[in-house]
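In our numbering, the protein residues as written are 200 to 597.
All residues carry an ideal CB built from backbone N, CA and C; glycine is no exception.
The next block holds one structure in the form of structure tokens; read it before the comments.
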Ligand SMILES: Cc1cc2nc3c(=O)[nH]c(=O)nc-3n(C[C@H](O)[C@H](O)[C@H](O)COP(=O)(O)O)c2cc1C
């Protein structure tokens, strides 16, 4: 099909499009769609047509790995009633068409396991990601009492959680292990454990929210105990060939909160327990997951991924406000991260992985596109010679 590189195409492979193998999982490139909730679960927290189309677009768009959004390990841990769950067999079965589709496109598919903790039963992003209001309840939103490390709410106006007893913390380990077993049974390629954004496990880690005085609180070791026991239990449910990710809030963004030194120590403990990649996010401990406690800028979380990678010697995923191919490639070239997650920019353009390949001088004859698209786009190049580039930018108007 190709008669060699044209239009500035290169045969050298940028790092972004080098394969990356973690345990037995070979990713075709370093581009990942991070977990993003969309409140479109079917009845009973099952996966249906929305997720097949929504996540399927990213497979057709060339991503190496796509994560299913925060998926609850138990019903009380749903962040919002419209979120996905993976605590029962009906939910396991519901993921099968999506997983089969992704595999057919040679895109790996992961699932983020989550528990909302004291932020369970809260608003959707479009409602504000805060506590449910009277107006939300009148409009039909479902309210239930969440659980947390203590009976302290996230902030004023949020639901008062019920404090988990020591015995319930121990049982929580089994709840996560069961969900992990279900994820393996469904056929996912990888699992990510959500310990970020103020949800249950983040609220155990942070001294802002965990003021317990049993073995699951106190000093940093005590606060890390529940997340680490869960990591161990989840790892035991996974085949040795299956990689495990953990998403962290690298910093709470408050002086008295969880900080980067804590994250490095946590990452070392994760590595010792068989975690393969630390996904470095931030914030969310005392407000919505989007509350701007950490100042925003282009790639502002990348230094977190860099420090974890260097000091804990574990692979990292960089995420947040990564907007262009050259920016993403530079992060990898500088050794700041191993994988690049692209969230909202992939909502804006689900084909962004393919477009970034073009931007970096690869794939100029659409070789890596699914052939049902690539064949046609390659044929069109000749048709447009003299008035448009292969990607359809008009160069000459009549
Ligand atoms: C619509 C939407 C839903 C999100 N849902 C989740 C989620 O389920 N779990 C999670 O850890 N982060 C979630 N996030 C955060 C994203 O995974 C990502 O970290 C964030 O969007 C920053 O990356 P970006 O600047 O590339 O969008 C969500 C973000 C968006 C935009």
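- request: May I ask you to report which of helix, strand or coil DSSP gives residue 588?
  value: coil
Residues in the same chain with beta-carbon distance under 7 Å from residue 205, minus the five sequence neighbours each way, listed in chain order, please. At residue 205 the pLDDT is 47, less than 50, meaning the model places this residue with poor confidence and gives no usable figure here.
Comparing alpha-carbon positions, which option in 396, 582 and 401 lies nearest residue 235? The option with the nearest alpha carbon to residue 235 is 396.
| Among 314, 262 and 348, the one whose alpha carbon lies nearest that of residue 277 | Put simply, of 314, 262 and 348 the residue whose alpha carbon is nearest the alpha carbon of residue 277 is 314.
Could you give the distance in angstroms between the alpha-carbon of residue 347 and the alpha-carbon of residue 434?
24 Å
Could you check what DSSP says for residue 212 in three-state terms: helix, strand or coil? coil
From this set, 472, 413, 417 and 455, which residue's C-alpha is nearest residue 436's C-alpha? The residue among 472, 413, 417 and 455 with its C-alpha nearest the C-alpha of residue 436 is 472.
Which of helix, strand or coil DSSP assigns to residue 580
helix
- Task: Decide if residue 337 is buried, meaning its Cβ has at least 16 other Cβ atoms within 10 Å, or exposed.
- Result: Residue 337 should be labelled exposed.
Discussion item. Assuming contact is defined by CB atoms lying nearer than 7 Å, are residue 224 and residue 388 in contact in what I supplied?
Written reply: yes
Every unbroken beta strand (DSSP E) within the stretch 297 to 376, with a cutoff of 3 residues, ordered by chain:
307 to 313
Going straight from the alpha carbon of residue 321 to that of residue 215, what length do you get?
37 Å
* **Identity of the residue in 581, 580, 568 and 592 nearest residue 258 by Cα** => Checking every option, the nearest Cα to that of residue 258 belongs to 568.
**Message:** Beta-carbon within less than 8 Å of residue 357's beta-carbon, same chain only, minus the 5 sequence neighbours each way: which residues are those?
**Reply:** 317, 318, 321, 329 and 330
- Query: If you run the structure through DSSP and keep just helix, strand and coil, what is residue 277?
  - Reply: Three-state DSSP puts residue 277 in coil, outside helix and strand.
Please indicate yes or no: does the CB of residue 235 lie closer than 6 Å to some heavy atom of ligand 1? yes
Report task. Report whether the distance from the Cβ of residue 580 to the nearest heavy atom of ligand 1 is below 6 Å. Result -> Outside the cutoff, so no.
Expected contact under 8 Å - CB spacing of residue 551 and residue 309 to nearest Å:
Residue 551 to residue 309, Cβ: 18 Å. No contact.
* To do: Entirely within the stretch 537 to 575 and at least 4 residues each: give me those alpha helix (DSSP H) ranges in chain order.
  => 543 to 547 and 551 to 558
Exercise. Alpha helix (DSSP H) containing residue 259: first to last residue?
Worked result: 248 to 259
*Of all the options 413, 422, 304 and 325, which has the alpha carbon lying nearest to the alpha carbon of residue 572?*
304
Considering only residues of the same chain and omitting the five flanking positions on each side of residue 343, which have a CB-CB separation below 8 Å?
If we look at residue 343 and ignore the five residues flanking it on each side, its Cβ neighbours are 275, 319 and 320.
Comparing alpha-carbon positions, which option in 450, 505, 531 and 514 lies nearest residue 494? 450
* Asked: residue 528: buried (16+ other C-beta within 10 angstroms of its C-beta) or exposed?
  -> buried
Write down the C-beta distance between residue 231 and residue 283 rounded to the nearest angstrom, noting that I regard them as a contact closer than 8 Å.
The pair is not a contact, with the Cβ atoms about 18 Å apart (cut-off 8 Å).
Can you name the start and end residues of the beta strand (DSSP E) that residue 480 belongs to? 476 to 480
How big is the Cα-Cα spacing for residue 377 and residue 559? 43 Å
State buried or exposed for residue 555, treating a residue as buried only when at least 16 other CB atoms are found within 10 Å of its CB. Looking at its Cβ environment, which holds 16 or more other Cβ atoms inside 10 Å, residue 555 is buried.
Exercise. Can you give the beta carbon distance from residue 306 to residue 262, rounded, assuming they're within the 8 Å contact cut?
Worked result: 6 Å
What I want to know is whether the C-beta of residue 269 ends up closer than 6 Å to one or more non-hydrogen atoms of ligand 1. yes
- Query: Residue range of the beta strand (DSSP E) that residue 517 falls in?
  - Reply: Residue 517 -> beta strand (DSSP E) spans 514 to 518.
Discussion item. If you follow the beta strand (DSSP E) that residue 602 is in, where does it begin and where does it stop?
Written reply: It is not possible to answer for residue 602, since the shown part of the chain is limited to 200 through 597.
Checklist entry - With respect to 6 Å, is the separation between the Cβ of residue 480 and the closest non-hydrogen atom of ligand 1 below this value? => result The beta carbon of residue 480 sits closer than 6 Å to at least one heavy atom of ligand 1.
Taking residue 448 as part of the beta strand (DSSP E), name the residues at either end of that continuous run.
-> It spans 443 to 448 - the beta strand (DSSP E) in which residue 448 sits, taken as one unbroken run.
List the endpoints of the continuous alpha helix (DSSP H) containing residue 431. In the DSSP annotation of this structure, the continuous segment of the alpha helix (DSSP H) that includes residue 431 starts and ends at 419 to 436.
Margin query: So that I know if they touch, is there some Cβ in chain D lying closer than 7 Å to that of residue 499?
Written below: The chain inventory of the structure shown lacks chain D, comprising one protein chain alone.
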